[in-house]
Structures are given as C-alpha cells and as structure tokens.
Amino acid sequence: METKKELKILFWIVVIFAATFFMPLQSARFTTAIDAMFDLAQWYAREHVVLCLLPAFFIAGVIAVFVSQGSVLRYFGANAKKWLSYTVAAVSGGILAVCSCTILPLFTSIYKRGAGLGPAIAFLYSGPAISVLSIILTAQILGLEMGIARVVGAVVFSVVIGLVMAFIFRKEERVKHEQQMNIVPLPEKRPMWQTAYHFFTLVLILVFANWGAPSVGDTGVWQAIFAYKWYVVGVFSLLLCWSLVRILKLKAMWVMLGAMITVASVVLSNIFIADEKLVPLVPMLVAVTCLSVLLLLDKNGTENRDWLLSSWGFAKQIMPLLAVGVVTAGFLLGSTHGDTSIAGVVPNGWIRWAVGGNSLLSNFLASFTGAFMYFATLTEVPIIQGLLASGMGKGPALALLLAGPSLSLPSMLVINNVLGFKKTAVYVALVILMATLSGWAFGALFC
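Okay, so the sequence shown: first residue is 17 according to my numbering, each after it adds one.
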C-alpha cells in the first residue's frame with residue numbers, strides 16, 4: 017500500500033515536470049489560449065461569483081436548513097405525483113435567471129433533502145434553459161420562431177430528460193421510494209409563509225441584481241427595470257432586513273448596523289471606484305460579510321448559524337470544481353464575452369466551420385461544443401448571433417441554445433460530485449442527443 021502511494025506521488029511529479037518541460041511557449045495558439053484562460057477566469061470572478069454564486073449559496077442554505085424535508089418530499093420526493101413534481105420543477109427553474117453554475121447549489125440542496133432524481137434533474141435543466149429573460153431576449157434578437165422553439169424545446173427537455181433519468185435509474189429510485197415511505201416529517205418550525213417570504217426575497221435579490229442589459233433600442237419594461245434595478249435590489253434588501261429581525265429573530269440593532277455599513281459601502285464605492293461594472297461588487301461583498309457575521313454570532317439558537325454553515329458547505333463543495341472547470345474551458349474553447357473574443361487551443365474558426373449547414377453532424381457538434389462551453393446568463397444570445405452571422409445554420413444554433421446554457425464543463429464537474437459519474441454521463445448524453453435531434457428538425461423546417 018505504501019509503495020502504491022509513493023508511485024502515485026512519483027507519477028504526478030513526472031507529469032507536472034514533463035508538462036512544464038515541454039510547454040510550447042513559442043506557439044502563438046498556446047499563449048493565446050493562456051490569455052483566454054485567465055481572461056475568462058477574471059471575467060467569471062468579476063461578473064458571476066459575487067452577484068450570482070454568493071446569493072445562490074445562501075438560497076441553497078435556506079433550502080437545506082429552513083425548508084422542511086416534508087415540503088421537499090411533498091413536491092419533489094420519489095412518492096410525489098409526477099405531474100406535480102415535474103410541473104413544480106419546470107416552473108421553479110423558469111422563474112430564475114441563472115446560468116448552469118448558479119443553479120448547482122440549489123439543485124444540490126433539494127437533491128440532498130430527498131428530491132427524486134427525475135424532478136431534481138428537471139429542475140437542474142430548467143433553471144438555466146427556461147429563464148423568462150433569456151426566452152424574451154432570444155425572440156427579440158434571433159427571431160420569434162427561434163424564441164418559440166427554444167421555450168418549447170426547453171420545457172419538453174426538462175420533463176423528458178427527468179423522466180428518462182428516473183426510468184434508467186429506477187432501481188435506485190425504488191429504494192428511495194421505500195425509504196421515504198417510512199419517513200415521518202417533522203413539524204414545521206415556523207409558518208410556511210415565513211419561510212417562503214425569506215426564500216423568495218433572496219431569490220428576487222438574485223434575479224434583479226443580475227438583470228441583463230436590454231437590446232439596443234429597447235425602451236420597454238426591460239429597459240426601465242434595468243435602469244432602476246439597483247433601487248429594486250435595495251427595496252428587497254430592506255425586506256430581507258425585516259425578515260432577519262422578525263422571522264429569524266436577529267437583533268434589530270445589529271441588523272440595522274449591517275445595513276448602514278452596506279449603504280456606506282454603496283456611497284464609497286461610487287466615489288472611489290472608476291469602473292462602473294465593479295461598483296456593485298463592493299456592496300454585495302460587504303452585505304454578505306455583514307450577514308455572515310450576524311449569523312455566526314447569533315446566540316438565540318443554532319438554526320441561523322446552521323444556515324451560514326450550510327451555505328459555506330455548498331461553497332466549499334462547488335467553488336473549487338467550478339474554478340477548475342472555468343480555467344479548463346477558457347484554455348480549450350477560449351473566452352467570449354461582451355466585445356472580447358479570445359481563441360482557445362481549439363480555434364473558433366474550426367467551430368464555425370463545423371456548425372454550418374444542417375446535417376446531423378453539424379447539429380451534434382454544436383450541441384457537444386455548447387455542452388462544454390460556459391455561458392453566463394443571457395450571454396448565449398449575442399454569441400449565437402455572431403455565429404449566425406459567420407455562417408452557422410439555424411438548426412445548430414438552436415441545438416447550441418438548448419445544450420449550452422444548461423450545461424458547461426464546470427457544471428459537469430459539480431454534477432459528477434453530487435450524482436456520480438454514471439448518472440452525470442447519462443444526463444449529459446441525453447441533453448446532447450435531444451439538442452442534436454431538435455436542432456436538426458428545426459433546421460429542416462426553417463432553413
């Protein structure tokens with residue numbers, strides 16, 4: 017056993033040395049891929065971690081601590097009625113404007129609380145794929161038929177993939193069904209409306225803090241909400257303070273002090289930070305820090321402290337895997353966001369060449385590539401708009417829309433950690449297969 021351990025250490029020493037020794041630093045493609053890797057990592061850290069993932073971890077903690085197991089089993093459990101569980105899963109995902117990574121803490125939380133595999137998978141897919149905002153933006157920019165095809169395909173995908181996963185792993189689900197038959201749910205610690213109020217206040221803060229910019233020339237409701245979104249976030253933050261005091265019983269004086277510190281950080285960040293995109297990050301970090309300290313030092317019971325520790329547990333489990341995934345995706349497939357486009361080791365030209373036309377192969381390559389690429393919320397639409405202008409077929413574009421936002425290399429690593437390799441491989445294969453066939457059928461009808 018000791019020899020095996022030493023050989024493993026030797027193996028990794030040799031691998032790291034060889035990778036360093038033969039690193040092709042003179043290759044322009046390699047150095048560009050390194051630039052893309054760091055660019056995507058920095059963009060992800062600035063645009064996604066603070067405003068998306070941190071609130072998502074606290075929302076997942078609410079599910080794990082405050083939402084009773086009985087409630088999860090009632091709507092998502094193995095014994096729940098299928099029409100109810102899959103409808104709730106699809107609708108729950110649809111109200112969230114989140115990407116394939118932000119949905120992971122929420123999925124992990126409900127799955128660990130006893131949700132059936134099928135409904136949990138439906139929720140996992142629907143969150144990024146059926147976002148109302150993304151559907152509207154798709155119809156606005158890529159055309160009404162693409163928007164309709166995306167929403168119909170995504171709704172059908174979430175249900176069908178969930179049902180197929182539950183069928184394939186029915187033996188395990190049968191065991192879970194038998195175990196849950198013997199579970200006697202504990203009584204609710206507080207009225208359901210209070211937990212729902214606390215939960216949806218956090219969800220709305222997440223949604224509006226990440227409300228995407230409207231398309232050029234759009235002067236409708238979307239533009240108005242985007243213009244005042246931080247005021248809306250401020251209102252929901254005040255409602256959260258009320259919840260912390262009245263529902264979670266934190267001391268009003270300490271909550272008020274945390275709110276004042278957060279407001280001060282808003283003023284100071286607007287004065288001293290020149291980059292407008294970085295300004296909101298400071299108040300969010302300050303607010304998260306204040307909330308964490310309040311929960312950690314609370315002496316009224318263990319529940320509030322458990323909320324913080326549960327959120328921290330999700331962060332420890334998910335963040336390292338996401339970091340590895342983002343760095344790898346940037347190196348292989350490049351960094352594309354806003355006006356930035358840096359090629360990875362796999363040249364963008366190869367991807368454009370591969371997804372032209374409407375063959376099954378081009379649709380498969382679009383689905384496969386999209387499944388491994390990382391798309392933040394709403395960024396997939398302008399990216400696909402550029403690919404269409406470069407010769408991408410409409411069928412492969414839909415295939416990329418159906419596979420890309422719901423999956424990414426970072427999310428696969430986390431899903432594998434939660435479900436295991438076999439279930440993850442089946443889930444990824446089903447998404448790619450259905451996206452391929454849907455894109456091919458759509459291309460045949462509209463090309």
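Cβ atoms here follow ideal geometry from the backbone N, Cα and C, with glycine treated the same way.
Exposed or buried, which one is Ser-142 when buried takes at least 16 other CB atoms within 10 Å? It counts as buried.
So, are the CB atoms of Ser-327 and Phe-73 less than 7 Å apart? Cβ distance < 7 Å, so Ser-327 and Phe-73 count as in contact.
Rank Ile-263, Val-248, Phe-183, Ala-243 by C-alpha distance to the C-alpha of Phe-215 and give the top, closest one. When each option's Cα is compared against that of Phe-215, the closest is Ile-263.
Measuring CB to CB, does Ala-138 end up less than 7 Å from Val-342? Cβ distance not < 7 Å, so Ala-138 and Val-342 don't count as in contact.
Tell me which same chain residues have a C-beta within less than 8 Å of the C-beta of Ile-184, skipping the five on either side of it? Taking C-beta separations shorter than 8 Å and ignoring five residues to either side along the sequence, the partners of Ile-184 in its chain run Val-442, following chain order.
Provide the residue(s) that pair with Thr-118 in DSSP beta bridges, ordered along the chain. Answer is none; Thr-118 lacks a bridge partner.
Return yes when the Cβ of Leu-67 is within less than 7 Å of the Cβ of Asn-226, no when it is not. A contact, by the Cβ cut-off of 7 Å.
What three-state label does DSSP hand Gly-459 in the structure shown? In the structure shown, Gly-459 sits in a helix (DSSP, three-state: H, G or I).
Spatial distance of Leu-133 from Thr-47 (CA atoms): In a straight line, the C-alpha of Leu-133 is about 42 Å away from that of Thr-47.
According to DSSP, is Ile-177 helix, strand or coil? Note: Ile-177 maps to helix in three-state DSSP.
Option nearest Asp-355 by Cα separation, candidates Phe-27, Val-107, Asp-55: Answer by Cα proximity: Asp-55.
Could you say which of Leu-255, Tyr-244, Leu-140, Leu-284 lies nearest to Val-271 if we only look at CA atoms? It is Leu-255.
So, for Ile-164: in the same chain, excluding its five sequence neighbours on each side, which residues have a beta-carbon less than 8 Å away from its beta-carbon? Sequence-distant Cβ neighbours of Ile-164 in its own chain, meaning closer than 8 Å and more than five residues away, are Ala-155.
Are the stretch 32–51 and the stretch 317–336 touching, with three or more C-beta to C-beta distances below 8 Å? Too few Cβ pairs lie closer than 8 Å, so no.
DSSP beta-bridge partners of Thr-103: Beta-bridge pairing links Thr-103 to no other residue.
Give me the residue from Leu-220, Leu-218, Phe-242, Leu-222 with the minimum Cα distance to Gly-228. Nearest of Leu-220, Leu-218, Phe-242, Leu-222 to Gly-228, Cα basis: Phe-242.
Could you pull out every residue in the same chain whose Cβ sits closer than 7 Å to the Cβ of Ser-308, ignoring the five residues on either side in sequence? These residues qualify, in order along the chain: Leu-324.
Spatial distance of Ala-451 from Ile-177 (CA atoms): Computed Cα separation, rounded: 11 Å.
Check whether the Cβ atoms of Ala-52 and Ile-400 sit closer than 7 Å, and answer yes or no. Against a cut-off of 7 Å, the Cβ pair of Ile-400 and Ala-52 comes out as no contact.
Per DSSP, which one or two residues make a beta bridge with Gly-346? None, per the DSSP bridge assignment.
Would you kindly check if the distance between the Cβ of Pro-144 and the Cβ of Ile-119 is under 7 Å? Yes, Cβ-Cβ distance for Ile-119 and Pro-144 is below 7 Å.
For Thr-352, three-class secondary structure by DSSP: Strand.
Beta-carbon separation of Val-191 and Phe-224 under 7 Å? No.
Which first and last residues belong to the alpha helix (DSSP H) in which Arg-62 is found? Where Arg-62 is concerned, there is no enclosing alpha helix (DSSP H), given that its DSSP letter is neither H nor E.
Rounded to whole angstroms, what's the CA-CA distance from Pro-421 to Thr-385? Just pull it up for me. When rounded, the separation of the alpha-carbon atoms in Pro-421 and Thr-385 is 11 Å.
For chain D, find out if any of its Cβ atoms is closer than 7 Å to the Cβ of Leu-284; answer yes or no. Of the chains in the structure shown, none is chain D; there is only one protein chain.
If distances are taken between C-alpha atoms only, which option among Glu-396, Gly-350, Ala-370, Val-397 comes closest to Arg-45? For the residues Glu-396, Gly-350, Ala-370, Val-397, the minimum Cα distance to Arg-45 belongs to Gly-350.
Can you tell me the Cα-Cα spacing of Arg-466 and Phe-123, whole angstroms? No statement about residue 466 is possible, as the shown extent of the chain runs from 17 to 463 and does not include it.
C-beta contact flag for Leu-414 and Gly-372 at 7 Å: Taking 7 Å as the cut-off, the beta carbon of Leu-414 is found no closer than this to the beta carbon of Gly-372.
Hey, which unbroken runs of the beta strand (DSSP E) at 3 residues or more fall wholly within the stretch 354–388? For the beta strand (DSSP E) assignment, the uninterrupted runs of no fewer than 3 residues enclosed by the stretch 354–388 are, from N- to C-terminal side, 356–358.
Taking Cβ positions, are Phe-466 and Ile-221 nearer each other than 7 Å? Only positions 17 to 463 of the chain appear in the structure, and residue 466 is not among them; the question remains open.
Our contact map puts Ser-378 next to Gly-409 with C-beta atoms below 8 Å; I'd like the distance itself, whole angstroms only. The Cβ separation is near 6 Å, so the contact holds.
With C-beta atoms as the reference, is Thr-440 less than 7 Å away from Ile-431? In terms of Cβ geometry, Thr-440 and Ile-431 form a close pair [threshold 7 Å].
Kindly give me the distance between the Cβ atoms of Ala-465 and Phe-347, rounded to whole angstroms, as I take these residues to be in contact under 8 Å. Outside the shown range of the chain, which is 17 to 463, sits residue 465, and nothing can be said about it.
Check whether Thr-211 and Phe-82 have beta carbons under 7 Å apart: Between Thr-211 and Phe-82, the CB-CB gap stays under 7 Å.
Quick one: give me the first and last residue of the alpha helix (DSSP H) that Arg-262 is part of. That run of the alpha helix (DSSP H) goes 245–262.
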